[in-house]
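Chemist: I have a structure here, written as structure tokens, and I will follow up with some questions on it.
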Amino acid sequence: MNNLKSLLYILVKSSKKMFCEDNTVENFWGEIREILANSNKPFLASTAAMLCKYVAYKIEREDDTEQLDDEDIEIWSQENIEWTLLIGKLEDVTLLNILTMKKPVLNENCSLPKLNRDKIDVSLKYVLQRKGSVSELVARWLTQSGIDPEYIVINDRINELHAEENSQPRDADVQTESSFPEEKIRFVQSEGVFQHLNMIRTQWPYSLEAGMILANMSWEYALEWKTDIRNLTCLEACISCLKEIPNFHLRLGLFNLVWKTHLKLLFENATKLLNKVGKVPKERLCIQDTGLTDLQLPMFITICTEFLDTFSDIVQEMYNVPKKQLNFEPLWENGGQPLAELAVQQTNINYELLLVHYQLSLVFQMLCTFSIKSIKPINNLFDSEVISVLFKDFQEKPEIDYSRTDSKLNAARVQFLTKVISLSVEAITVKDDEIYATDHVFWMSKCRLLGMIWDLDIDSLRKHQVVQLFTHGYNIMAYDLSGSVSDRNQLGIELLALAGKRMSKHVAASSNLGTQLAALTPTVTRYMDTLNGDWCAESTLKDIIDLTTLSISCLEDDQPEYKLAMLLLEACSTLRDMDG
Numbered sequence: 043m044n045n046l047k048s049l050l051y052i053l054v055k056s057s058k059k060m061f062c063e064d065n066t067v068e069n070f071w072g073e074i075r076e077i078l079a080n081s082n083k084p085f086l087a088s089t090a091a092m093l094c095k096y097v098a099y100k101i102e103r104e105d106d107t108e109q110l111d112d113e114d115i116e117i118w119s120q121e122n123i124e125w126t127l128l129i130g131k132l133e134d135v136t137l138l139n140i141l142t143m144k145k146p147v148l149n150e151n152c153s154l155p156k157l158n159r160d161k162i163d164v165s166l167k168y169v170l171q172r173k174g175s176v177s178e179l180v181a182r183w184l185t186q187s188g189i190d191p192e193y194i195v196i197n198d199r200i201n202e203l204h205a206e207e208n209s210q211p212r213d214a215d216v217q218t219e220s221s222f223p224e225e226k227i228r229f230v231q232s233e234g235v236f237q238h239l240n241m242i243r244t245q246w247p248y249s250l251e252a253g254m255i256l257a258n259m260s261w262e263y264a265l266e267w268k269t270d271i272r273n274l275t276c277l278e279a280c281i282s283c284l285k286e287i288p289n290f291h292l293r294l295g296l297f298n299l300v301w302k303t304h305l306k307l308l309f310e311n312a313t314k315l316l317n318k319v320g321k322v323p324k325e326r327l328c329i330q331d332t333g334l335t336d337l338q339l340p341m342f343i344t345i346c347t348e349f350l351d352t353f354s355d356i357v358q359e360m361y362n363v364p365k366k367q368l369n370f371e372p373l374w375e376n377g378g379q380p381l382a383e384l385a386v387q388q389t390n391i392n393y394e395l396l397l398v399h400y401q402l403s404l405v406f407q408m409l410c411t412f413s414i415k416s417i418k419p420i421n422n423l424f425d426s427e428v429i430s431v432l433f434k435d436f437q438e439k440p441e442i443d444y445s446r447t448d449s450k451l452n453a454a455r456v457q458f459l460t461k462v463i464s465l466s467v468e469a470i471t472v473k474d475d476e477i478y479a480t481d482h483v484f485w486m487s488k489c490r491l492l493g494m495i496w497d498l499d500i501d502s503l504r505k506h507q508v509v510q511l512f513t514h515g516y517n518i519m520a521y522d523l524s525g526s527v528s529d530r531n532q533l534g535i536e537l538l539a540l541a542g543k544r545m546s547k548h549v550a551a552s553s554n555l556g557t558q559l560a561a562l563t564p565t566v567t568r569y570m571d572t573l574n575g576d577w578c579a580e581s582t583l584k585d586i587i588d589l590t591t592l593s594i595s596c597l598e599d600d601q602p603e604y605k606l607a608m609l610l611l612e613a614c615s616t617l618r619d620m621d622g
């Protein structure tokens with residue numbers, strides 16, 4: 043290094059006369075600084091900058107005919123200030139370059155795909171191009187690890203707590219930190235990836251906030267998905283990162299950017315294809331119109347439904363959350379607009395338009411999940427005015443009545459939702475006498491949600507659910523839910539009909555058919571003959587008695603069905619006595 047310093051001094055000194063005559067000393071050093079700023083070897087560039095600073099300082103002092111002391115740094119010229127600033131920036135970029143050159147390694151908590159990224163030789167000029175360059179570089183680096191985005195937020199919070207520990211009581215610190223599970227905190231504090239991240243965060247405190255990193259990570263995964271839209275795990279990873287962004291308005295803006303940049307066109311193509319065919323098409327047609335297979339298309343619709351559901355929740359909460367200003371390091375005076383700034387400008391989201399698209403996506407998710415064949419579901423389940431604004435930008439404000447409906451549309455919607463409820467009940471499974479109905483509960487909640495949005499009679503949907511549960515023999519669940527039905531009379535009538543079907547099936551399966559029929563009154567027999575032959579689960583005589591008793595409790599004693607139910611109950615008692 044001493045030899046290089048001496049050589050540089052001799053070269054500059056020997057050319058000093060020419061520089062003085064041309065008055066280009068400042069330009070000479072400025073060009074050198076430009077070269078060093080452009081260097082993709084920032085460590086070597088910072089070393090060279092230190093030597094140049096020394097030489098420039100030494101020559102300047104010699105020109106002032108003053109004795110130069112190598113350790114004298116008290117006198118600063120403008121040239122020295124320029125070199126000092128450059129050296130500081132190069133040192134920061136050196137740390138950043140060292141970090142991003144080595145692929146991060148994690149052995150656990152890697153819930154996201156690990157992306158392969160080409161190495162970027164980081165120079166100071168590259169960093170200065172735009173405010174978001176550091177966030178982008180670190181996000182690219184972290185996507186190679188597959189780290190669960192939750193841990194980035196935890197690390198951010200731990201850093202905040204450490205910064206506040208001198209100004210807050212210790213017990214308050216512990217209380218806040220315990221909001222995260224202890225094992226997750228220990229993982230973050232012991233993991234080398236976060237130690238390296240925190241080391242450079244001291245130089246880039248704003249650029250490396252969790253929200254800035256996660257915003258760019260989500261965009262990286264979205265871009266990766268666009269290179270291969272069949273790789274839906276990258277799309278899911280994008281959304282996972284979006285959901286964890288702490289800055290509310292930044293999260294909202296990224297949801298809108300991801301939708302209109304990456305999702306909207308494919309969603310439009312997919313739903314139009316499903317609407318045209320009326321079901322999930324064969325693989326060839328799916329690939330032709332969307333690029334997805336017949337198995338991937340329903341998965342994509344499900345992802346879009348969850349995306350739009352979360353998006354609509356954020357928009358609803360937006361008005362109660364003050365907007366937080368984005369901060370950037372003073373390093374950037376100008377440059378291109380970063381992703382985060384673009385995101386927070388995504389304002390005035392039309393909630394009603396967004397909600398319509400959520401309804402559309404949920405309808406097609408139901409169609410795909412239960413393989414429902416439906417002719418032009420968009421036209422049958424949505425008003426013509428609403429159809430005219432589908433697939434528009436969520437920031438547009440079309441003047442239409444989103445709640446407009448008619449009896450035909452309502453009837454189609456009720457028919458569709460009752461079909462979904464019936465199919466979800468059929469999907470309930472029983473293993474070792476234990477009922478697994480999680481999926482049914484989920485889909486019933488979605489049917490109720492659509493029913494409320496469409497202003498339908500929710501009670502009729504609950505009644506249909508109870509009747510279907512009894513029909514399939516899930517009596518305990520049905521009894522528990524029957525109390526939530528308000529229209530007791532109609533419920534009693536339908537339960538009586540089901541009890542009659544059960545009785546008919548019970549008698550038909552008896553080895554003493556003639557004796558069993560003789561125990562029934564002509565009125566009960568005629569009623570059973572009027573019932574349709576729809577399937578119902580096999581039932582014991584006790585279950586029929588319990589169901590008939592429930593039906594009686596729902597009916598008024600002056601109703602004709604009440605008297606019929608009493609006759610059926612008496613017949614059940616007679617058959618029970620005969621069996622006894």
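Residue 615 in our numbering sits at position 573 of the sequence shown, and the numbers go up by one each step. Here a beta-carbon is modelled for each residue, glycine too, at the ideal position from N, C-alpha and C.
(1) Quick one: Cα of proline 223 to Cα of glutamate 150, how far?
(2) Considering just the uninterrupted stretch of the beta strand (DSSP E) at threonine 471, what are its terminal residues?
(3) For the alpha helix (DSSP H) containing isoleucine 420, list its first residue and its last residue.
(4) Between histidine 506 and threonine 460, what straight-line distance do the alpha-carbon atoms span, to the nearest angstrom?
(5) Going by alpha carbons, who is nearest to lysine 285 out of Glu233, Lys226, Ile194, Phe433?
(6) With distances taken Cα to Cα, identify the nearest neighbour of asparagine 317 among Cys283, Pro191, Cys410, Ala181.
(7) Could you pull the start and end residues of the alpha helix (DSSP H) that isoleucine 271 belongs to?
(8) Let me know the secondary structure DSSP gives tyrosine 478 once reduced to three states.
(9) Taking the alpha-carbon of lysine 144 as reference, which of Gln379, Glu133, Glu124, Val235 has the nearest alpha-carbon?
(10) Which term fits cysteine 276, buried or exposed, when burial requires 16 or more other beta carbons within 10 angstroms of its beta carbon?
(11) Contact between the stretch 312 to 328 and the stretch 285 to 304: three or more CB pairs below 8 Å?
(12) Is leucine 250 closer than 8 Å to valine 176 when the C-beta atoms are compared?
(13) Residues in the same chain with beta-carbon distance under 7 Å from alanine 539, minus the five sequence neighbours each way, listed in chain order, please.
(14) Quick one: give me the first and last residue of the alpha helix (DSSP H) that glycine 234 is part of.
(15) What's the C-alpha gap between isoleucine 345 and asparagine 311?
(16) Could you work out which residue in Leu373, Gln367, Thr480, Lys306 is closest to isoleucine 2 when comparing CA atoms only?
(17) Am I right that glutamate 121 and tryptophan 183 are in contact with their C-beta atoms under 8 Å? What's the rounded C-beta distance?
(18) Can you grab the Cα-Cα spacing for the pair phenylalanine 433 / histidine 399, in whole Å?
(19) Could I get the ranges of all uninterrupted alpha helix (DSSP H) runs contained in the stretch 111 to 187, with 4 residues as the minimum, in chain order?
(20) Anyone know if the C-beta pair for asparagine 298 and isoleucine 391 falls short of 8 Å?
(21) Using beta-carbon positions only, say whether leucine 606 and isoleucine 587 come within less than 8 Å of one another.
(22) Would you list, in sequence order, the uninterrupted beta strand (DSSP E) runs of no fewer than 3 residues that lie entirely inside the stretch 346 to 427?
(23) Tell me the DSSP secondary structure of glycine 333 in three-state form.
(24) Classify valine 300: buried if its beta carbon has 16 or more other beta carbons within 10 angstroms, exposed otherwise.
(25) Please report the residue range of the alpha helix (DSSP H) in which glutamine 457 lies.
(26) CA-CA distance, glutamine 379 and leucine 423?
(27) Could you check whether the Cβ of asparagine 82 sits closer than 8 Å to any Cβ belonging to chain D?
(28) Out of curiosity, what's the CA-to-CA distance linking glutamate 219 and arginine 199?
Modeler: By the coordinates alone:
(1) Their backbone Cα atoms lie some 16 Å apart in a straight line.
(2) Run containing threonine 471: 471 to 473, per the beta strand (DSSP E) assignment.
(3) First-last of the alpha helix (DSSP H) with isoleucine 420: 419 to 423.
(4) Cα-Cα distance, rounded: 7 Å.
(5) Minimum Cα distance to lysine 285 is reached at Ile194.
(6) A check of alpha carbon separations from asparagine 317 across Cys283, Pro191, Cys410, Ala181 identifies Cys410 as the nearest.
(7) Unbroken run through isoleucine 271: none, as it is neither H nor E.
(8) Residue state for tyrosine 478 is assigned as strand, using DSSP reduced to three classes.
(9) Cα-wise, what sits closest to lysine 144 is Val235.
(10) Per the 10 Å Cβ criterion, buried.
(11) No contact exists between the stretch 312 to 328 and the stretch 285 to 304.
(12) The answer is yes: Cβ separation under 8 Å.
(13) Excluding positions up to five away in sequence, the list reads Leu573.
(14) Per DSSP, the unbroken alpha helix (DSSP H) holding glycine 234 starts and ends at 234 to 243.
(15) One C-alpha to the other measures close to 15 Å.
(16) The shown model of the chain, from 43 to 622, leaves out residue 2, and the question about it has no answer.
(17) Contact flag wrong, Cβ pair sits at about 35 Å.
(18) Distance between the alpha carbons of phenylalanine 433 and histidine 399: 8 Å.
(19) You should have 120 to 143, 166 to 170, 175 to 185.
(20) Yes, Cβ-Cβ distance for asparagine 298 and isoleucine 391 is below 8 Å.
(21) Cβ atoms of leucine 606 and isoleucine 587: not closer than 8 Å.
(22) Taking 3 residues as the minimum length, the stretch 346 to 427 contains no beta strand (DSSP E) run wholly inside it.
(23) In the structure shown, the three-state DSSP call for glycine 333 is coil.
(24) It counts as buried.
(25) Judged by DSSP secondary structure, glutamine 457 falls within the alpha helix (DSSP H) whose first and last residues are 449 to 468.
(26) Glutamine 379 and leucine 423: Cα-Cα distance of roughly 42 Å.
(27) You won't find chain D in this structure, because it holds only one protein chain.
(28) Annotation note: pLDDT 49 at glutamate 219 (below 50); position unreliable, no value reported.
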